[in-house]
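Structure first, commentary second.
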Ligand code: C5P
């Protein structure tokens, strides 16, 4: 199953380093090619000779080695792998990965790689549970790393708890399932999807909102996840259950939604399906507003931040593909084309939200008729269920990101 797969294993300095030898042996047995980087700390626990005997290759240790850089170079080392495995990942290496430090061969390779990184932490229970380590782990997860372990059990230091390296056989399972996702072209790619309405409070009991159900956004999140993407779904208030395997953050207001999206960056794709409220109350009353004598009353509103535009026009770190939705009741295509330009996104998915002849509407309904507007033209799709639309759109996104990546 792992034939022709190339694994780069980075062994850092922890007592669990000896288990890396077993994983290398198992990988070779499955037909994988293995290259190894041994950090200075790692070499305190196992010798380059034992690693090299198992990988049947030289062991890479120095960033500034003339011969190594001439023969292979850290960039090629990171690029020629199909998967980078950090095993064991010490608290120290995890912290440096989270910060993007590049001061030795291991950290530089990790920063230079364009491949998925699988991190297998191993450390003392107190070190693992420290908020600092947990913050770093969260950063790695958000950056798209796959985490395997740690497990609970007795440690070399005599203490017990979470922190033991995952068992070699479990690590092998995780590696196989990563490669088994051949039908998952979006594996290792992170995509942020916004969905649902936003609620903008007027007072403690009232809010401004719209009729969005969140169905289209949730269906897209699920379809992208099934193609292997790591999906961050930022959802306004809905009654929908989060699709399995999708990472959901629930928010109320447009400002919270923007914040949550920015927290999830960087990402390869950003798809803005949410029907964000355009306005919010200038002031939110802390007590329930009372009826006044008059027939009419005034509410002062101010514009919400435009999340799509903000992400689309980021100077640094803009996702490769930014997709907006345009829900219109008239002049659908013309308005969507204007939106493509004014927001600066790559595609606009235009959908007609006019109440149709049967009295049905896209908002809240189960079907959708969409056209994809790009700078190349218009691609009109026939009416389909929101699930089918989501699946087709997910495939189109996957093709775009695949082509783009190979450029
Ligand atoms: O400007 P309009 O609301 O018609 O644009 C629709 C698109 O912009 C949708 O993709 C929606 O998610 C996004 N949007 C946004 N933030 C807003 C308003 C709309 O991200 N404040």
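In this note's numbering, the protein residues as written are 20 to 426.
Just so it is clear, CB atoms sit at the ideal spot from N, CA and C, and this is done for glycine as well.
Contact check, residue i vs residue j, beta carbons under 8 Å
i, j, result
"residue 123", "residue 58", "yes"
"residue 210", "residue 250", "yes"
"residue 80", "residue 62", "yes"
"residue 259", "residue 290", "no"
"residue 265", "residue 241", "yes"
"residue 285", "residue 336", "yes"
"residue 253", "residue 213", "yes"
"residue 53", "residue 74", "yes"
"residue 347", "residue 372", "yes"
"residue 199", "residue 135", "no"
"residue 280", "residue 331", "no"
"residue 194", "residue 159", "no"
"residue 26", "residue 76", "no"
"residue 227", "residue 299", "yes"
Alpha carbon of residue i to alpha carbon of residue j, nearest angstrom
i, j, result
"residue 86", "residue 105", "24 Å"
"residue 274", "residue 352", "28 Å"
"residue 430", "residue 38", "Residue 430 lies beyond the range of the chain shown here (20 to 426); nothing can be said about it."
"residue 107", "residue 410", "38 Å"
"residue 232", "residue 215", "6 Å"
"residue 407", "residue 416", "14 Å"
"residue 340", "residue 312", "52 Å"
"residue 220", "residue 117", "36 Å"
"residue 120", "residue 164", "16 Å"
"residue 99", "residue 333", "31 Å"
"residue 424", "residue 177", "Confidence is the limiting factor: at residue 424 the pLDDT is only 47, short of 50, which leaves the residue's position unreliable and the question unanswerable from this model."
"residue 20", "residue 190", "15 Å"
"residue 393", "residue 322", "27 Å"
"residue 60", "residue 31", "6 Å"
"residue 370", "residue 272", "23 Å"
"residue 391", "residue 237", "19 Å"
"residue 167", "residue 45", "17 Å"
"residue 287", "residue 229", "29 Å"
"residue 49", "residue 248", "26 Å"
"residue 146", "residue 395", "53 Å"
Buried versus exposed, by CB contacts within 10 Å (16 or more), residue i
i, result
"residue 224", "exposed"
"residue 83", "exposed"
"residue 309", "exposed"
"residue 204", "buried"
"residue 338", "buried"
"residue 169", "buried"
"residue 56", "buried"
"residue 361", "exposed"
"residue 244", "buried"
"residue 151", "exposed"
"residue 399", "exposed"
"residue 387", "buried"
"residue 171", "exposed"
Continuous beta strand (DSSP E) stretch holding residue i: start and end
i, result
"residue 140", "136–140"
"residue 350", "Element bounds for residue 350: n/a, residue is neither H nor E."
"residue 393", "389–393"
"residue 266", "266–269"
Delimiting residues of the alpha helix (DSSP H) encompassing residue i
i, result
"residue 236", "234–245"
"residue 189", "187–198"
"residue 147", "144–148"
"residue 282", "273–283"
"residue 179", "No alpha helix (DSSP H) contains residue 179, which is instead part of the beta strand (DSSP E) from 179–183."
"residue 443", "Only positions 20 to 426 of the chain appear in the structure, and residue 443 is not among them; the question remains open."
"residue 299", "Run containing residue 299: none in the alpha helix (DSSP H); it sits in the beta strand (DSSP E), 298–300."
Inset, instruction - Say whether the segment 293–313 touches the segment 353–366, bearing in mind that this needs 3 or more beta-carbon pairs closer than 8 Å, one atom from each stretch. - result: no
Legend entry - Neighbourhood of the ligand ATP [Cβ distance below 5 Å to any heavy atom], ordered by chain position: This structure lacks the ligand ATP; its bound ligands are the ligand C5P.
Legend entry - the segment 138–148 / the segment 175–189 touching (three or more Cβ pairs under 8 Å): yes
Legend entry - Cβ contact check for the segment 281–295 and the segment 318–332: 3 or more pairs under 8 Å: yes
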